[in-house]
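Asks:
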Amino acid sequence: MAFYRRVGDVPPKRHTQHRRPDGGLYYEELVGEEGFAADSSLLYHSQIPSAITDSRPWEPPDAATVPNHPLKPRHLRLHDLFPGQEWKASDVVTARRLLLANGDVRISYVVAGSPSPLYRNAIGDECVYVESGSAQVETIFGTLEVGRGDYVILPRVTTHRWVPKGAEPLRAYCIEAFSHIAPPKRYLSRYGQLLEHAPYCERDLRGPDGPLLATDDGEAEVFVKHRGPGANGISGTVLTSPHHPFDVVGWDGCLYPYAFNIDDFEPLTGRVHQPPPAHQVFEGHNFVICNFVPRKVDYHPLAIPVPYHHSNVDSDEVMFYCGGEYEAREGSGIGQGSVSLHPGGISHGPQPGAQERSIGVEFFDELAVMVDTFRPLELGAEGLACEDPAYAWTWSVRGSEGRQS
Numbered sequence: 001m002a003f004y005r006r007v008g009d010v011p012p013k014r015h016t017q018h019r020r021p022d023g024g025l026y027y028e029e030l031v032g033e034e035g036f037a038a039d040s041s042l043l044y045h046s047q048i049p050s051a052i053t054d055s056r057p058w059e060p061p062d063a064a065t066v067p068n069h070p071l072k073p074r075h076l077r078l079h080d081l082f083p084g085q086e087w088k089a090s091d092v093v094t095a096r097r098l099l100l101a102n103g104d105v106r107i108s109y110v111v112a113g114s115p116s117p118l119y120r121n122a123i124g125d126e127c128v129y130v131e132s133g134s135a136q137v138e139t140i141f142g143t144l145e146v147g148r149g150d151y152v153i154l155p156r157v158t159t160h161r162w163v164p165k166g167a168e169p170l171r172a173y174c175i176e177a178f179s180h181i182a183p184p185k186r187y188l189s190r191y192g193q194l195l196e197h198a199p200y201c202e203r204d205l206r207g208p209d210g211p212l213l214a215t216d217d218g219e220a221e222v223f224v225k226h227r228g229p230g231a232n233g234i235s236g237t238v239l240t241s242p243h244h245p246f247d248v249v250g251w252d253g254c255l256y257p258y259a260f261n262i263d264d265f266e267p268l269t270g271r272v273h274q275p276p277p278a279h280q281v282f283e284g285h286n287f288v289i290c291n292f293v294p295r296k297v298d299y300h301p302l303a304i305p306v307p308y309h310h311s312n313v314d315s316d317e318v319m320f321y322c323g324g325e326y327e328a329r330e331g332s333g334i335g336q337g338s339v340s341l342h343p344g345g346i347s348h349g350p351q352p353g354a355q356e357r358s359i360g361v362e363f364f365d366e367l368a369v370m371v372d373t374f375r376p377l378e379l380g381a382e383g384l385a386c387e388d389p390a391y392a393w394t395w396s397v398r399g400s401e402g403r404q405s
C-alpha cells in the first residue's frame with residue numbers, strides 16, 4: 001500500500017543514529033517486499049528484533065486438501081462449524097477451519113472468543129473479513145480496532161495477535177495468500193495513489209494506532225507459519241524471543257496493516273448488469289477479491305438485474321454470503337454464513353425463476369465477499385464436513401435424481 005505514514009518516534013534521517021533516553025541506540029529494522037524493490041517500512045525497536053532463545057515445531061490447522069472431483073458446484077454451511085459453546089475457547093489463529101485452497105490462496109473460517117497467540121504468516125499476506133463481533137488486532141505497528149464488515153489486511157511477517165472483545169463471538173473469514181494483497185492496479189496511479197474512478201480512497205483506510213509498547217515481562221512465543229515439509233508445503237514453528245516483540249517506539253513507510261470497512265465501498269452501477277470486476281476490492285497473485293454491497297441496480301427499461309449465466313472458464317468462483325438477501329440464489333438453500341463454490345468448467349448463474357422475479361427491482365440489499373481464483377480450488381476437510389450435498393442439483397428439474405447419486 002503505497003500510502004506513507006509516520007507513527008511515534010523516528011529520527012529525521014533513515015539509517016542514522018536514533019538514541020534512547022539513556023543514550024543507547026534503538027535497533028532499526030527494515031520490513032520490505034520483493035528484495036528492497038517494493039514497499040517497505042522502517043521500525044525502531046528497544047531490543048534486538050532478531051534475537052531468539054528457542055525454536056520448536058508447531059503444526060498449523062490441517063493443511064491437507066482433496067480435489068473437487070467429480071467436478072460440481074458446492075455449498076458450504078459455515079455456521080454449522082463451531083457448534084455450541086466451542087467458540088469460546090477458540091482463537092483466530094490456531095482454530096481456523098480450512099475450507100478451500102490451491103497453490104495461490106487458502107480460505108478458512110473461524111469463530112473465536114479467546115485471544116490468539118502472537119502470530120506471523122511468513123508465506124503471504126492475509127485478508128481477514130470480520131463477519132460479526134469485534135476485536136483488537138495488536139501488531140508491531142500498533143493496534144487496529146475492528147468490527148463487523150471490516151477487511152483487515154496484514155502484510156506478510158507482521159507479528160500480531162487477535163483479541164476478541166465483548167460477549168458476541170468473533171466470526172472471521174480468512175483469505176491467506178501465497179503473495180501480497182493490494183488494491184487493484186487499475187485503481188492506482190503509477191505512483192500508487194487511488195484514482196478518481198476507484199470505489200474507495202485513502203480516507204477510507206484505517207492505519208494502526210500506536211506504537212504499541214507492551215510491558216516486557218520476559219520471553220514471548222511467536223507462532224510462525226512458513227513453507228516447509230508439512231501438507232501442501234506448509235509448516236509451522238514457535239520461536240521464543242527473550243523479550244516481547246511489541247517494543248517499537250516508532251516507524252514510518254508504506255508497508256503496514258490496515259482496515260477497510262465494506263460499508264465504505266462505493267458500488268459502481270449502470271443501465272445494464274455490471275460484470276464482477278466492477279465489484280473488485282483487492283487482488284493477489286492469481287486471484288481477486290470482490291464484494292457485492294447494497295446498491296441500486298440496473299435501470300435500463302428492459303434490464304434483468306440478476307446476473308446472466310456465465311462460464312468464466314479461467315476461474316473458480318467462491319462467494320461468502322454475509323448479509324442481506326441474495327436474489328440470484330433464492331430457493332437454493334444459500335443463506336447467512338454460506339459459501340458457494342462454482343468451479344471453472346461448469347456454467348453458473350441465477351436459480352430458476354430468479355431472472356423473472358428480479359425484473360423491475362430497483363435495489364438489492366445483499367452483502368457478499370467473492371474470491372475468484374485462476375487455478376482450481378481443492379477442498380479442505382472442514383469444507384467437506386459442512387457441505388450441503390443437494391446444492392449442485394438445484395438448477396435442474398431432475399434434481400431429485402441427482403441428489404441420490
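Heads up: the sequence shown at position 108 corresponds to 108 in the UniProt record's numbering, and the numbers run straight through without jumps. Just so it is clear, CB atoms sit at the ideal spot from N, CA and C, and this is done for glycine as well.
1) Which first and last residues belong to the beta strand (DSSP E) in which residue 408 is found?
2) Shortest alpha-carbon distance to residue 186 belongs to which of 127, 261 and 283?
3) Let me know if residue 337 comes out buried or exposed under the rule of 16 or more other beta-carbons within 10 Å of its beta-carbon.
4) For residue 80, which of helix, strand or coil comes out of DSSP?
5) Answer with buried or exposed for residue 398, where buried requires no fewer than 16 other C-beta atoms within 10 angstroms of its C-beta.
6) May I ask you to list the residues that DSSP assigns as paired with residue 58?
7) So what's residue 384 in DSSP terms, helix, strand or just coil?
8) Between which residues of its own chain and residue 233 is the CB-CB distance below 8 Å, once the five residues before and five after are set aside?
9) Identify the continuous beta strand (DSSP E) that holds residue 406 and give its terminal residues.
10) Please state if the CB of residue 65 and the CB of residue 101 are separated by a distance shorter than 8 Å.
11) Check whether the region 135-142 touches the region 205-219, counting contact only when three or more Cβ pairs, one atom from each stretch, lie closer than 8 Å.
12) In this structure, what does DSSP give as the bridge partners for residue 291?
13) For a minimum of 3 consecutive residues, which ranges assigned as the beta strand (DSSP E) are wholly contained in the UniProt domain "Homogentisate 1,2-dioxygenase N-terminal" (117-261)?
14) Return helix, strand or coil for residue 310, following the three-state DSSP convention.
15) To the nearest whole angstrom, what separates the beta carbons of residue 219 and residue 53, a pair I think is in contact under 8 Å?
16) Am I right that residue 177 and residue 105 are in contact with their C-beta atoms under 8 Å? What's the rounded C-beta distance?
17) So who's on the other strand from residue 8, going by DSSP bridges?
18) So, for residue 90: in the same chain, excluding its five sequence neighbours on each side, which residues have a beta-carbon less than 8 Å away from its beta-carbon?
19) DSSP on residue 27, reduced to helix/strand/coil?
20) Buried or exposed, going by whether 16 or more other CB atoms sit within 10 Å of the CB of residue 265?
21) Just the Cα atoms here: how many angstroms apart are residue 118 and residue 59?
22) If you follow the beta strand (DSSP E) that residue 108 is in, where does it begin and where does it stop?
23) Is DSSP giving residue 321 helix, strand or coil here?
24) Do three or more CB pairs link the region 149-162 to the region 252-261 at distances below 8 Å?
25) Taking 8 Å as the limit between beta carbons, can you name the residues of its chain near residue 403, skipping five residues before and five after?
26) Quick one: what's residue 284 bridged to in DSSP?
27) Pick out whichever of 306, 341 and 163 has its Cα sitting closest to the Cα of residue 316.
28) Can you give me the start and stop residues for the beta strand (DSSP E) that residue 339 sits inside?
29) Can you tell me the Cβ-Cβ gap for residue 255 and residue 208, rounded? I've got them flagged as a contact below 8 Å.
Replies: On the basis of the coordinates in this document:
1) With the chain represented from 1 up to 405, any question about residue 408 goes unanswered, as that position is not in the structure.
2) In the sequence shown, counting from the first residue as 1, residue 186 sits at position 186. Residue 283 is the option with its Cα nearest to residue 186.
3) Position 337 of the sequence shown, counting from 1, holds the residue named residue 337. Classification of residue 337: buried, given that the 10 Å Cβ count is 16 or more.
4) Within the sequence shown, numbered from 1, the residue matching residue 80 stands at position 80. Three-state DSSP puts residue 80 in a helix.
5) Along the sequence shown, read from residue 1 onward, the residue named residue 398 stands at position 398. Per-residue confidence for residue 398 stands at a pLDDT of 49, beneath the threshold of 50, marking its modelled position as unreliable; the derived number appears in the next sentence. Its Cβ having fewer than 16 others within 10 Å, residue 398 is exposed.
6) Translated into positions along the sequence shown, residue 58 becomes position 58. According to DSSP, which records beta bridges pairwise, residue 58 is partnered with 236.
7) To locate residue 384, count along the sequence shown from 1; it is residue 384. If DSSP states are grouped into helix, strand and coil, residue 384 belongs with the helices.
8) Sequence index remark: in the sequence shown, residue 233 carries index 233 (1-based). Answer for residue 233: 227, listed in chain order.
9) Since the first and last residues shown for the chain are 1 and 405, residue 406 lies out of range.
10) For this step, residue 101 is matched to residue 101 along the sequence shown. For this step, residue 65 is matched to residue 65 along the sequence shown. Cβ distance < 8 Å, so residue 101 and residue 65 count as in contact.
11) yes
12) On the sequence shown, position 291 is the one that residue 291 refers to. The partner list for residue 291 (beta bridge, DSSP) reads 369.
13) 118-121, 126-132, 134-139, 142-146, 150-154, 160-165, 170-177, 220-227, 234-241, 248-253 and 258-261
14) Here the question's residue 310 lines up with position 310 in the sequence shown. Residue 310 falls in the strand class under three-state DSSP.
15) For the purposes of this step, residue 219 is taken as residue 219 along the sequence shown, with counting starting at 1. For the purposes of this step, residue 53 is taken as residue 53 along the sequence shown, with counting starting at 1. So it is a contact: roughly 6 Å between Cβ atoms.
16) For the purposes of this step, residue 177 is identified with residue 177 of the sequence shown, where counting begins at 1. For the purposes of this step, residue 105 is identified with residue 105 of the sequence shown, where counting begins at 1. Indeed they touch by this definition, with Cβ atoms about 6 Å apart.
17) One-based indexing of the sequence shown puts residue 8 at position 8. BP columns for residue 8 point to 250.
18) Numbered from 1 along the sequence shown, position 90 holds the residue referred to as residue 90. Once the five neighbours on either side are set aside, the close Cβ partners of residue 90 are 82, 110, 111, 112, 113 and 114.
19) Taking the sequence shown and counting its residues from 1, one reaches residue 27 at position 27. Of the three classes helix, strand and coil, the one that applies to residue 27 here is strand, per DSSP.
20) One-based indexing of the sequence shown puts residue 265 at position 265. Flag for residue 265 reads buried.
21) Locating residue 118 in the sequence shown gives position 118, counting from the first residue. Locating residue 59 in the sequence shown gives position 59, counting from the first residue. Approximately 15 Å between the Cα atoms of the pair.
22) Indexing the sequence shown from 1 puts residue 108 at position 108. Taken as a continuous stretch (DSSP letters only), the beta strand (DSSP E) holding residue 108 covers 105-112.
23) Residue 321 sits at position 321 when you count from the first residue of the sequence shown. If DSSP states are grouped into helix, strand and coil, residue 321 belongs with the strands.
24) yes
25) As a position in the sequence shown, residue 403 is number 403, starting the count at 1. Confidence at residue 403 is low in this model, with a pLDDT of 40, below 50, so its placement is unreliable and the value that follows should be read with caution. Closer than 8 Å at the Cβ level, and outside the excluded window around residue 403, lie 389, 390 and 393.
26) By 1-based counting over the sequence shown, the position of residue 284 is 284. According to DSSP, residue 284 bridges with 287.
27) Working through the sequence shown from its first residue, we reach residue 316 at position 316. Comparing Cα positions, the closest option is 341.
28) On the sequence shown, residue 339 is found 339 positions in, with the first residue counted as 1. First-last of the beta strand (DSSP E) with residue 339: 338-342.
29) Your numbering for residue 255 matches position 255 in the sequence shown. Your numbering for residue 208 matches position 208 in the sequence shown. That belief does not hold up - the Cβ atoms of residue 255 and residue 208 are roughly 12 Å apart, past 8 Å.
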